[in-house]
Every structure is written in structure tokens, then in C-alpha cells.
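Going by this note's numbering, the sequence shown opens with residue 6, and the numbers climb by one from there.
We put the beta carbon where it would ideally sit given N, CA and C, even for glycine.
Quick caveat: nothing in here was measured; it's all calculated off a predicted structure.
Scroll down for the structure; my scribbles are underneath it.
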Amino acid sequence: MDRSKIEAFLETFVRFAADATTIALLAIADRNGLNVWMAEHGGGTVEQIAEGTGLDRRYLTELLSGLAAAGVLEHSDGVFTLPPEHAVVVADETSPYFMGGWLDMLPAGMVQIDAITEATRKGGGVAFKDFGPPMIRGLDRGNAPSQRVLLTRRWLPAVEGLVDRLTTGIRIADVGCGTGTAVAVIAAEFGASDVYGYDTSEDSLAIARERSSHLGNVHFVNAGVEELPVEPPFDLVTSFDVIHDLVDPPAGLRRIREALSDDGVYLMMEPAASSNLDENLHPHGALLYGVSLLHCMTQSLAEGGLGLGAAWGRQRAETMALEAGFSSFEPVEPISNAFATFYLLKP
Ligand SMILES: C[S@@+](CC[C@H](N)C(=O)[O-])C[C@H]1O[C@@H](n2cnc3c(N)ncnc32)[C@H](O)[C@@H]1O
């Protein structure tokens with residue numbers, strides 16, 4: 006055995022363990038409002054932060070020290086600060102850089118480790134509903150910030166002619182709409198259009214309906230994408246991180262194809278990945294396979310589904326889309342990034 010390789014891997018393992026505990030510390034800080042307080046006040050000594058937040062001094066000392074050691078906070082002469090560049094990632098839900106959703110999703114997935122361990126032996130999985138409200142909150146906080154900022158400003162304008170059609174008034178379906186942010190954002194911007202949100206999670210839809218009750222052009226329906234009405238057809242269908250979660254993704258794609266008007270378009274956002282494992286061997290890939298096992302793949306397998314997984318990747322998406330009857334499948338490069346790839350599909 007190569008001793009230096011053991012030592013290098015020990016260091017790597019320490020990083021894994023430290024990263025996991027950092028997510029835990031950040032989640033505790035997030036739930037206690039500490040990240041937002043630090044963003045608003047810049048920082049302070051333990052005493053000043055305890056005074057401002059009302060948190061216990063001893064816990065706070067450990068928490069702030071851990072976050073400083075991890076590089077989340079800066080520390081000098083007893084003063085802890087949250088740099089504004091870090092604040093947009095951990096504290097500012099209005100920023101498209103906000104990553105706070107992971108602070109709900111990862112713990113909600115970790116809670117199911119015993120059940121997933123058993124499923125790994127026996128098959129099956131953990132149903133979407135069994136991940137409970139923390140996962141719904143995480144999914145909501147995961148995509149909503151970028152949808153609020155970028156959907157109408159950058160994503161929809163990237164599709165030629167779409168904004169004009171939305172302004173004139175068309176029929177839109179967001180499938181797997183979750184807590185409905187995309188539906189509400191499109192409906193608020195394009196009052197002449199009718200926006201339908203479809204989802205199978207009543208708990209998510211209840212939040213969506215409450216948040217959108219002031220909008221007259223939104224309609225939330227508790228139905229799967231497989232039940233999408235085909236008549237009258239939709240001019241635009243969108244999905245954000247949904248297809249890989251489905252029990253039967255080919256059937257879902259076929260139904261979207263059938264439900265589109267002849268000149269309709271389908272904008273699909275999926276995690277950025279290759280279908281070739283060798284191209285996913287990096288931290289983004291590790292995160293995708295991890296969250297897939299802790300949630301995406303597992304909740305599909307729980308229902309006897311295909312369990313595509315979050316890292317199913319571009320090549321498989323194209324093959325499946327063409328098999329579902331779409332005539333064209335194009336990545337929309339200008340709006341894709343390290344986390345998500347957008348695809349434009351036409352009937
Ligand atoms: C990862 S979440 C994404 C939610 C939302 N699009 C967003 O951007 O936050 C996937 C969503 O797909 C929904 N879903 C799963 N299977 C579905 C199906 N067959 N039809 C419609 N929605 C489904 C889940 O309930 C969940 O809300």
C-alpha cells in the first residue's frame with residue numbers, strides 16, 4: 006500500500022466530515038435567523054451577536070467558531086463577520102445565488118438514512134410525502150430565488166418570440182409546479198396569459214394556492230403530468246427539476262408532447278450533468294448523485310418508478326425526448342449554468 010495515498014485520503018475524509026458538519030452548523034444558524042442577522046449587521050463579537058439575536062452565548066461561540074474555521078465567516082480580534090459575498094449565498098432569499106434550500110433538503114434527506122439503507126437491500130424507497138414539510142421547504146427555497154429573479158428577465162426571453170406571445174396571452178402549464186413560484190411569477194408578469202400549475206403533492210399545492218390567491222390568472226391542479234389535458238392545447242409547458250423525479254418519465258414527456266399546440270414550446274430545466282459518469286466526477290456530480298440517493302431517485306423508486314436520478318444527463322434527456330415524439334431538442338446555452346441546463350423542445 007502507498008502510505009502517502011492513505012494520508013492524502015485521510016485529509017480528504019476530514020474535508021468530507023468537515024463539510025457535512027458545516028452544512029449542519031449552517032442549518033442551525035439558518036433556522037435560528039443567525040445568517041440573516043449577520044447579513045444585516047455585518048457581524049460582531051460573541052457578546053454583541055448574542056445580545057442582538059437572543060441566542061445562547063455558549064452555543065453561539067461554538068457555532069461562530071465552527072463557521073469561521075470552515076471559511077463561512079471571517080474572524081479577527083474576537084469579531085466575526087459575514088462577508089457580503091457569502092451573505093448572498095446563505096442569507097439573502099432574494100438573490101439568485103441563494104443556496105439556503107440545501108440547508109433544508111440535505112438534513113431532510115439524511116433523516117431517511119435508515120429507510121434508504123433498507124431500500125438499498127430490499128428495493129423500494131421513501132415516498133415523496135414521507136420526506137415531509139422540511140423537504141418541501143427545501144425544494145421551495147432551492148429554486149424559488151432564481152425563478153423570482155431570472156425567469157421573466159432572462160429565461161423566457163431566451164426563447165425567440167416567447168415574450169411577445171406571453172404578452173398577447175397564451176395558455177401555459179408548469180408541470181411539477183411544487184409551491185408554485187414559477188406559476189406566480191409568470192402570471193404576475195403576463196396578466197393576459199393563463200397559467201396552470203400541476204403537481205401531485207397536495208401539501209405543496211396548498212402553499213402555492215395561498216401565495217397566489219391575489220392573482221386571477223393562476224390555476225393549481227392536483228394532477229400528474231401524465232394527466233395533463235390535451236384539449237385545448239398549451240402554448241408553453243415548463244418544468245423545473247421535475248422529469249428526473251417522475252415515476253414514468255417517458256410517459257410524462259409523451260403527454261407534454263401531446264398537450265402542446267403545433268407551434269407550442271416546452272422549456273425543461275434539469276440538473277446540469279452528463280449521462281456519462283466519467284464527465285460527472287467532480288463536486289457538482291458528487292452533490293447530484295448524493296441528493297439523488299437521498300431524495301430524487303429514491304422517491305421515484307418508492308412508487309415502483311424508473312428512478313432516473315438527478316444526474317441522468319443531457320444525452321439521455323435528448324434520446325427520451327425524441328422517442329417521446331418531439332422533433333427538436335436544443336440546450337439553451339446562454340441561460341444554462343453549472344447547476345442547471347435548460348432544454349427547448351418543439352413538437
Ligand atoms: C424537485 S421538485 C420541483 C418543484 C418545482 N418545480 C420547483 O422548481 O421548485 C419536483 C416536483 O415534482 C412533483 N411531481 C412528482 N411526480 C409528479 C407527477 N407525476 N406529476 C406532476 N408533478 C409531480 C413533486 O411533487 C415535486 O413538487
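- Judged by DSSP secondary structure, residue 115 falls within the alpha helix (DSSP H) whose first and last residues are 107-115.
- Cβ contact annotation for residue 259 (same chain, cutoff 8 angstroms, sequence separation greater than five): 329, 330, in chain order.
- If the five residues before and after residue 335 are omitted, its C-beta is found closer than 6 angstroms to the C-beta atoms of 349, all from its own chain and listed in chain order.
- Inter-residue distance for residue 89 and residue 34 is about 16 angstroms (C-alpha atoms, whole angstroms).
- Secondary structure within the segment 118-194: the beta strand (DSSP E) runs of 3 or more consecutive residues, fully enclosed, are 176-180 (chain order).
- Residue 18: member of the alpha helix (DSSP H) spanning 8-36, first to last residue.
- Judged by DSSP secondary structure, residue 305 falls outside any beta strand (DSSP E) and instead within the alpha helix (DSSP H) spanning 302-306.
- The residue among 289, 262, 80 with its C-alpha nearest the C-alpha of residue 236 is 262.
- Between residue 30 and residue 68, the C-beta spacing is below 8 angstroms.
- Relative to ligand 1, the nearest heavy atom lies less than 7 angstroms away from the CB of residue 230.
- Assigned with DSSP and collapsed to three states, residue 94 falls in helix.
- Excluding the 5 residues flanking it on each side, residue 313 has same chain C-beta neighbours closer than 6 angstroms at 249, 254, in chain order.
- Collapsing the DSSP output to three states places residue 79 in a strand.
- The bridge partners DSSP lists for residue 48 are 86.
- The beta-bridge partner set that DSSP reports for residue 346 consists of 275.
- Residue state for residue 288 is assigned as helix, using DSSP reduced to three classes.
- Residue 82 counts as exposed, since fewer than 16 other C-beta atoms from the protein chains shown sit within 10 angstroms of its C-beta.
- Per the DSSP secondary-structure output, residue 249 pairs with nothing in a beta bridge.
- Closer than 7 angstroms to some heavy atom of ligand 1: that does not describe the Cβ of residue 314.
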